[in-house]
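To start, the structure under review is shown below, and the notes come after it.
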Amino acid sequence: NGLDALDELADFVGLVQKQLEQVVSGDLGVLHRQQQHVQRDQLTFVLLHLQNQAAQLQLLRSCVVFCNDELEATRARSSKINKLGIQKMVSEEEERQRLLVEKR
């Protein structure tokens, strides 16, 4: 009778062990899927951040090109005005040119 009880206990422990293994295995699967979802979200965030940075750099580059073009145009006007001998206009253009250099 004692051996029967021991066999029944061993069977019961075996069943509990199988159930625990199934629960742990299922939990690991859920955890793995959650980790994949989090990683996918992180990668999406990084991609969007990099796209935003690229757009900002393109805008900055456009601003630099615009400022350089304006500066060159101002220098050309100053040279032309200077050749004509109009000193007041030269001073104004030089001030405008100085401001453009500071903004750049």
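In our numbering, the protein residues as written are 24 to 127.
Every residue, glycine too, gets a C-beta built ideally from N, C-alpha and C.
Asked                                                                               : Found
Supposed close pair residue 93, residue 104 - CB separation, criterion 8 Å          : Not a contact, Cβ separation roughly 16 Å.
7 Å CB neighbourhood of residue 97 in its chain, flanking five on each side removed : 116, 119, 120 and 123
Unbroken alpha helix (DSSP H) run spanning residue 121, endpoints                   : 110-126
Residue 76 versus residue 69 - alpha carbon distance                                : 10 Å
Straight-line gap, residue 90 to residue 63 (C-alpha atoms, nearest Å)              : 41 Å
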